[in-house]
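Worksheet: the structure to be examined is printed underneath.
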Amino acid sequence: MVGFVVGRVFLVEAAAMLFPLGVGLLYGENQTPAFLIPILLLLGLGLLLSLKTPQDRAIYARDGLAAVAFSWIFLSAFGALPFFLSGAVPNYIDCFFEAVSGFTTTGASILTDVEAMSRGLLFWRSFTHWLGGMGVLVFVMTILPTANDGHSMHLMRAEVPGPVVGKLVSRMKTSAKILYGIYAAMTLIEIGLLLAGGMSLFDACINSFGSAGTGGFSHYALSIGHYNNLYFEIVIGVFMLLFGVNFNLYYFLLVGKVREVLRSEELRVYLGIVGASVLMIAANIASHFGSFWTGLRYSFFQVASIITTTGYSTCDFNLWPAFSRALLVILMFIGGCAGSTAGGLKVARVAILFKGAIRDMKKMLHPNAVSSVRFDRKPLDEKMMHGVNVYFVTFSLVFTVIFALLCLDGNDLLTNFTALAATINNIGPGLGAVGPMGSFAVYSPLSTLLLSFAMLLGRLEIFPILLLLAPSMWSRRAFRKK
Numbered sequence: 093m094v095g096f097v098v099g100r101v102f103l104v105e106a107a108a109m110l111f112p113l114g115v116g117l118l119y120g121e122n123q124t125p126a127f128l129i130p131i132l133l134l135l136g137l138g139l140l141l142s143l144k145t146p147q148d149r150a151i152y153a154r155d156g157l158a159a160v161a162f163s164w165i166f167l168s169a170f171g172a173l174p175f176f177l178s179g180a181v182p183n184y185i186d187c188f189f190e191a192v193s194g195f196t197t198t199g200a201s202i203l204t205d206v207e208a209m210s211r212g213l214l215f216w217r218s219f220t221h222w223l224g225g226m227g228v229l230v231f232v233m234t235i236l237p238t239a240n241d242g243h244s245m246h247l248m249r250a251e252v253p254g255p256v257v258g259k260l261v262s263r264m265k266t267s268a269k270i271l272y273g274i275y276a277a278m279t280l281i282e283i284g285l286l287l288a289g290g291m292s293l294f295d296a297c298i299n300s301f302g303s304a305g306t307g308g309f310s311h312y313a314l315s316i317g318h319y320n321n322l323y324f325e326i327v328i329g330v331f332m333l334l335f336g337v338n339f340n341l342y343y344f345l346l347v348g349k350v351r352e353v354l355r356s357e358e359l360r361v362y363l364g365i366v367g368a369s370v371l372m373i374a375a376n377i378a379s380h381f382g383s384f385w386t387g388l389r390y391s392f393f394q395v396a397s398i399i400t401t402t403g404y405s406t407c408d409f410n411l412w413p414a415f416s417r418a419l420l421v422i423l424m425f426i427g428g429c430a431g432s433t434a435g436g437l438k439v440a441r442v443a444i445l446f447k448g449a450i451r452d453m454k455k456m457l458h459p460n461a462v463s464s465v466r467f468d469r470k471p472l473d474e475k476m477m478h479g480v481n482v483y484f485v486t487f488s489l490v491f492t493v494i495f496a497l498l499c500l501d502g503n504d505l506l507t508n509f510t511a512l513a514a515t516i517n518n519i520g521p522g523l524g525a526v527g528p529m530g531s532f533a534v535y536s537p538l539s540t541l542l543l544s545f546a547m548l549l550g551r552l553e554i555f556p557i558l559l560l561l562a563p564s565m566w567s568r569r570a571f572r573k574k
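Count along the sequence shown from 1, add 92, and you get the number used in our numbering.
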């Protein structure tokens with residue numbers, strides 16, 4: 093069943109590559125083999141693995157973790173081939189990094205001259221953001237024959253970010269279709285608004301794919317700053333924030349449950365962090381830009397880009413005062429809401445960790461008092477609290493180990509720390525040599541692979557990838573005890 097799921101993912105990726113192939117032909121680019129060869133490989137492998145539906149279509153927790161982890165690794169490995177076969181990026185490890193960065197909606201790049209790349213490759217590079225934003229397995233779930241929705245949930249839990257994953261409606265397939273419908277509709281609305289402002293169709297698609305998937309690949313060296321257009325900045329900035337919101341809330345709006353949206357504690361905290369950060373950074377950089385209002389313009393866009401882990405930029409925030417840069421680094425770790433396309437720890441987890449710390453301090457003062465952590469006006473059980481704490485501790489340990497290994501490469505501490513923060517939180521640019529005007533090309537092939545691993549860890553929230561390395565994952569006894 094794991095092979096069947098991976099095979100379906102291969103078929104979806106083969107179909108997705110037809111779009112950049114068409115774009116390349118439309119612009120008269122002679123790079124057909126760069127897409128045609130991977131398409132044929134994916135079709136062959138996909139049909140081989142998924143042509144026959146398994147008799148036992150159940151997907152257990154172990155199967156779900158393995159299917160998601162393998163799907164994303166192979167998705168990136170084959171997604172790198174167009175860059176390599178075209179000769180645009182001669183080193184396959186760099187191609188793999190670029191593909192992982194695209195699918196995980198990170199937006200970190202090893203390219204030093206992005207504007208020299210062909211239209212077809214630029215379209216594929218950004219289209220991977222859109223594919224990875226909501227989750228490829230979420231899409232496959234809508235066409236995947238499984239035994240029941242309870243088994244489908246194991247796929248969704250392994251791929252959808254956040255501490256809790258639930259159904260919008262009674263059937264999981266219907267929930268997946270609703271999510272992708274909302275996602276596609278919002279993307280089309282953004283494309284329409286950018287076209288209305290005078291942006292070309294190609295540019296509107298590229299920028300909308302990036303903001304919808306909260307990815308941040310741009311086809312200009314100056315990113316969104318290339319346009320120097322306030323209207324474009326407002327549209328893209330607002331949509332980045334919208335895509336950083338839990339998509340369940342949009343469904344509630346569609347069915348008229350406005351009160352449920354207004355009661356969302358995570359949404360209120362998210363908007364509060366955005367508002368406070370924008371004002372503080374605007375005040376701090378006002379002298380840098382000559383006025384508070386100009387500072388507010390750049391502050392709003394950059395805060396929206398960083399907290400949603402998109403990574404677009406309108407200026408070189410690497411040159412901002414230390415306080416503003418420190419706030420941006422903090423926002424890198426917080427990230428967007430659970431159930432959104434954004435990365436990071438997620439606002440819900442941060443809020444729960446904060447409330448848990450306050451509860452534990454109160455218990456020190458009043459050991460016999462009975463208290464619980466409440467979120468969204470509901471008490472959280474100890475299992476949920478334990479899960480959030482375990483995730484945070486595991487994240488911290490993984491971050492520490494990778495950071496130490498990254499420092500063997502010879503780059504300065506600021507570059508290494510923010511490069512890892514930007515990749516494991518799926519953001520894109522960091523500070524120092526990997527700032528918005530820099531590139532990840534400064535790293536050796538080994539470090540490039542390490543950062544690719546960090547991006548996959550961050551997008552799949554650590555455990556699906558780490559469990560592939562656990563011997564118990566592959567024991568015969570474990571598979572007999574599904």
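We put the beta carbon where it would ideally sit given N, CA and C, even for glycine.
Residue range of the unbroken alpha helix (DSSP H) whose run includes residue i
{"i": "S168", "result": "A153 to G171"}
{"i": "N508", "result": "L505 to I516"}
{"i": "V347", "result": "V347 -> no alpha helix (DSSP H), and no H or E assigned at all."}
{"i": "V98", "result": "V94 to L118"}
{"i": "A304", "result": "L293 to A304"}
{"i": "M456", "result": "V439 to L457"}
{"i": "G225", "result": "R211 to M226"}
{"i": "A418", "result": "A414 to I426"}
{"i": "F555", "result": "F555 to L559"}
{"i": "E185", "result": "Here residue 185 turns out to be Ile, not Glu, going by the sequence shown. It spans Y184 to F195 - the alpha helix (DSSP H) in which I185 sits, taken as one unbroken run."}
Distance between beta carbons of residue j and residue i, contact taken as under 8 Å
{"i": "T197", "j": "G225", "result": "5 Å"}
{"i": "T402", "j": "G502", "result": "Not confirmed; about 29 Å, so no contact."}
{"i": "H221", "j": "G284", "result": "19 Å between Cβ atoms; not a contact."}
{"i": "L548", "j": "I165", "result": "7 Å"}
{"i": "I399", "j": "V366", "result": "6 Å"}
{"i": "R551", "j": "G435", "result": "7 Å"}
{"i": "N338", "j": "G431", "result": "4 Å"}
{"i": "L113", "j": "F127", "result": "4 Å"}
{"i": "E105", "j": "G171", "result": "7 Å"}
{"i": "F425", "j": "N518", "result": "Not really, about 12 Å apart at Cβ, beyond 8 Å."}
{"i": "I202", "j": "T540", "result": "7 Å"}
CB contact flag (residue i, residue j, <8 Å)
{"i": "Y390", "j": "F384", "result": "no"}
{"i": "S544", "j": "F219", "result": "no"}
{"i": "R211", "j": "E121", "result": "yes"}
{"i": "M332", "j": "A288", "result": "no"}
{"i": "F415", "j": "Q394", "result": "no"}
{"i": "L314", "j": "M278", "result": "no"}
{"i": "C407", "j": "E358", "result": "no"}
{"i": "V98", "j": "V228", "result": "no"}
{"i": "S178", "j": "Q123", "result": "yes"}
{"i": "R217", "j": "F294", "result": "no"}
{"i": "I131", "j": "M93", "result": "no"}
{"i": "G520", "j": "G317", "result": "no"}
{"i": "S168", "j": "A191", "result": "yes"}
{"i": "I328", "j": "H311", "result": "no"}
{"i": "V353", "j": "V439", "result": "no"}
{"i": "A108", "j": "L280", "result": "no"}
{"i": "I444", "j": "L472", "result": "yes"}
{"i": "F491", "j": "L512", "result": "yes"}
{"i": "A449", "j": "K455", "result": "no"}
{"i": "L523", "j": "R417", "result": "yes"}
{"i": "S103", "j": "L135", "result": "Residue identity check: residue 103 is Leu in the sequence provided, not Ser. In contact: L103 and L135 (Cβ atoms closer than 8 Å)."}
{"i": "F509", "j": "F532", "result": "no"}
{"i": "T507", "j": "V526", "result": "yes"}
{"i": "R441", "j": "V482", "result": "no"}
{"i": "F96", "j": "P146", "result": "yes"}
{"i": "A161", "j": "I557", "result": "yes"}
DSSP beta-bridge partners of residue i
{"i": "F545", "result": "None, per the DSSP bridge assignment."}
{"i": "F393", "result": "Per DSSP, none; premise fails for F393."}
{"i": "K470", "result": "F467"}
Any non-hydrogen atom of the ligand ZN within 7 Å of residue i CB
{"i": "Y404", "result": "Only the bare structure without any ligand can be found here, which leaves the ligand ZN out of the picture."}
In chain order, which continuous runs of the alpha helix (DSSP H) of length 4 or greater are located wholly inside the region 309-374? 322-335, 339-346 and 350-354
Segments of 4+ residues assigned as alpha helix (DSSP H) that fall wholly inside the region 117-150: 124-142
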